[in-house]
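As structure tokens, the structure follows; a few thoughts come after it.
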Ligand SMILES: Nc1ncnc2c1ncn2[C@@H]1O[C@H](COP(=O)(O)OP(=O)(O)OP(=O)(O)O)[C@@H](O)[C@H]1O
Ligand SMILES: [Mg+2]
């Protein structure tokens, strides 16, 4: 079975003055192609820390992160950033759209910043908007979009590059139930179409249950959650 992402013996802790705050203890996790994993756990249990480490945004104190079999710790910063951009689509809890730009521009600018030419970026951005049924909102700025619509744009912005894995940190944390489920439906649909893996942190058990496997973070340990 091909592993997309593997976390091996990850330890993460912080010092608050003299107090050691242990966040992740010797944590292991393996995500195979097209599998969908939910991480649940109370506030402060380390979900964001885990996702940030998995997406190479943060380095652990010790342990290794393998993306497509490559050990990120062994790579130069530029190689790490390439590995990340090529394989990981990251979705934040808070919408991370640029407020001065409309929906179409928000996607289009991401493509431009990643080296695509103007005409391709414009065309592709429109195509991506269609995937989440928001082509009729192309000219709306984020302030004129619902929270759910904003997150659906954040989703397509994360997947323009056909990443191997989508990592989403409470992508529906600020949404009501109806919008949450719409966003999750889109995420699942897109993952299924592209055989993309999904690693998602959530507080919502109904959402967690839509994944293939649920893990719970508790006291720095990650255990499979079974009812
Ligand atoms: N830079 C830091 N310095 C010190 N402590 C930190 C730092 N970053 C995170 N922590 C602590 O690590 C713990 C885990 O934080 P994390 O953000 O990963 O939790 P979380 O499960 O995502 O919580 P939430 O559900 O509220 O988003 C918390 O107790 C937090 O206070
Ligand atoms: Mg968090």
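In this note's numbering, the protein residues as written are 212 to 438. Positions of the beta carbon are idealized from the N, C-alpha and C atoms, including for glycine. Every value quoted in this text rests on a predicted model; they were computed, and no experiment measured them.
Assuming residue 314 and residue 340 are in contact, meaning their beta carbons sit under 8 angstroms apart, how far apart are those beta carbons, in whole angstroms? To locate residue 314, count along the chain shown from 1; it is residue 103. To locate residue 340, count along the chain shown from 1; it is residue 129. About 6 angstroms separates the beta carbons of residue 314 and residue 340, which is inside the 8 angstroms limit, making them a contact pair.
Straight-line gap, residue 429 to residue 350 (C-alpha atoms, nearest Å): To locate residue 429, count along the chain shown from 1; it is residue 218. To locate residue 350, count along the chain shown from 1; it is residue 139. So the two alpha carbons sit approximately 44 angstroms from each other.
According to the neighbour-count rule (16 or more other Cβ atoms, all chains shown, within 10 Å of its Cβ), is residue 227 buried or exposed? Along the chain shown, read from residue 1 onward, the residue named residue 227 stands at position 16. The residue is exposed, with fewer than 16 neighbouring Cβ atoms inside 10 Å.
Tell me, please, whether the CB atom of residue 386 is closer than 9 angstroms to any CB atom in chain C? The structure shown contains no chain C; it holds only a single protein chain.
Mark residue 329 as exposed unless 16 or more other C-beta atoms lie within 10 angstroms of its C-beta, in which case mark it buried. Numbered from its first residue, the chain shown carries residue 329 at position 118. Residue burial annotation: residue 329 is exposed, with fewer than 16 other C-beta atoms found within 10 angstroms of its C-beta.
Per the contact definition of three or more C-beta pairs closer than 8 angstroms, is the segment 258-276 in contact with the segment 308-328? Taking a cut-off of 8 angstroms on C-beta distances, the segment 308-328 does not touch the segment 258-276, as fewer than three cross pairs fall below it.
Should residue 255 go down as buried or exposed, given a rule of 16 or more other Cβ atoms within 10 Å for buried? Sequence index remark: in the chain shown, residue 255 carries index 44 (1-based). Counting other Cβ atoms within 10 Å of its Cβ, residue 255 stays below 16 and is therefore classed as exposed.
Whose C-beta lies closer than 6 angstroms to the C-beta of residue 231 among residues of the same chain, with five residues either side of it excluded? As a working mapping, residue 231 is identified with position 20 in the chain shown. Residues 224 of the same chain have their beta carbon placed closer than 6 angstroms to that of residue 231, with the five preceding and five following residues left out of the count.
Taking the alpha carbon of residue 378 as the point to measure from, which residue in 317, 413 and 345 has its own alpha carbon closest? Stepping through the chain shown from its first residue, residue 378 is reached at position 167. Of the candidates 317, 413 and 345, the one whose C-alpha sits nearest the C-alpha of residue 378 is 413.
For a test of your reading of the model: does the CB of residue 270 fall under 8 angstroms from any non-hydrogen atom of ligand 1? Yes or no. Locating residue 270 in the chain shown gives position 59, counting from the first residue. Checking every heavy atom of ligand 1 against the Cβ of residue 270, none is found closer than 8 angstroms.
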